[in-house]
Every structure is written in C-alpha cells, then in structure tokens.
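Under this note's numbering, the first residue of the sequence shown carries the number 707, and numbering increases by one thereafter. Cβ atoms here follow ideal geometry from the backbone N, Cα and C, with glycine treated the same way. These notes are about the structure you will find just below.
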Amino acid sequence: VVDDASDASDADADDAVRCPSVLWSDEFDSPRDSLDLSKWEPMIGTGVDYYGPQGEGWGNDELQHYLAENAAVSNGTLKIVARKESTVRFSGGYTSARLRTKNLGGEFLHG
Numbered sequence: 707v708v709d710d711a712s713d714a715s716d717a718d719a720d721d722a723v724r725c726p727s728v729l730w731s732d733e734f735d736s737p738r739d740s741l742d743l744s745k746w747e748p749m750i751g752t753g754v755d756y757y758g759p760q761g762e763g764w765g766n767d768e769l770q771h772y773l774a775e776n777a778a779v780s781n782g783t784l785k786i787v788a789r790k791e792s793t794v795r796f797s798g799g800y801t802s803a804r805l806r807t808k809n810l811g812g813e814f815l816h817g
C-alpha cells in the first residue's frame with residue numbers, strides 16, 4: 707500500500723519528484739519461510755463461518771474450500787495453490803487458500 711501524497715508545497719510541486727511512500731508491505735522473507743500471521747489471516751472453509759448460511763460459497767458460489775495449508779511462503783514469494791480434490795470431504799471438489807490482511811494500522815481507499 708502506498709501513499710502518493712507529496713510533502714512538497716504547491717509552489718514546489720512542479721519541481722518536486724513525486725515518490726509514493728510505502729505504508730504497508732510484506733516481502734515474504736521470514737527466516738522460516740512461513741506466512742507472517744501478524745500481517746495475514748487465513749480464511750478457512752466455505753464462507754459459512756464468516757458470513758452465516760448465506761455465505762456458503764463465499765457469497766458468489768465459489769466451489770473451493772479454503773485451507774491454510776494451500777498457502778506457502780518460499781524464496782520471498784507467496785504461493786497460493788489450487789487443488790482438485792477427489793475426496794468427498796470438500797463438496798465443491800477444489801481446495802485453495804484465501805488470505806486477508808490484518809493490522810494495517812489504518813484504512814486505505816486503494817491498495
């Protein structure tokens with residue numbers, strides 16, 4: 707998330723180089739190649755636990771069941787893996803990962 711507001715006064719705006727300030731980031735560089743749970747929350751299941759019965763399929767008929775183990779960090783990257791599952795444990799037949807950010811320290815319009 708970046709802030710593109712300039713610290714320059716209006717008089718200096720034409721001469722100023724506008725460089726956005728980083729407000730929040732994750733470089734996925736934890737020493738144990740693990741997801742930083744102080745920044746990310748894995749969302750598990752089919753949406754019902756978050757939004758009630760109307761949230762089944764996350765409100766838009768998604769077929770996947772989200773699992774924390776389908777997200778992995780290695781070599782400075784986050785990998786979200788979708789899998790076709792042959793088990794009846796997951797009614798939609800697919801698993802994936804769903805993450806949301808947390809502890810951003812503010813609210814942002816875009817990011």
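Cβ neighbours of residue i in the same chain (closer than 6 Å, five flanking residues each side left out)
i      : result
LYS752 : What sits at residue 752 in the sequence shown is Thr, not Lys. If we look at THR752 and ignore the five residues flanking it on each side, its Cβ neighbours are GLU762 and HIS771.
ARG789 : THR801
Check whether residue i and residue j have beta carbons under 8 Å apart
i      : j      : result
ASP735 : GLY782 : yes
MET749 : TYR757 : no
ASP739 : SER780 : yes
ALA774 : LYS785 : no
Beta-carbon proximity list for residue i, same chain, < 8 Å, skipping 5 on both sides
i      : result
GLY798 : THR752, GLY763, GLU768, LEU769, GLN770 and HIS771
VAL787 : ASN776, ALA777, ALA778, SER802 and ALA803
CA nearest to the CA of residue i, picked from the options
i      : options                           : result
ASN766 : VAL754, ASP732, ASN809 and GLU733 : VAL754
LEU810 : GLU791, PRO737 and GLU747         : GLU747
THR807 : GLU791, LYS745, ALA774 and VAL728 : LYS745
Buried or exposed (CB count within 10 angstroms, at least 16 for buried), residue i
i      : result
ARG804 : buried
SER776 : A small fix is needed here, since residue 776 is Asn in this sequence, not Ser. Result: buried.
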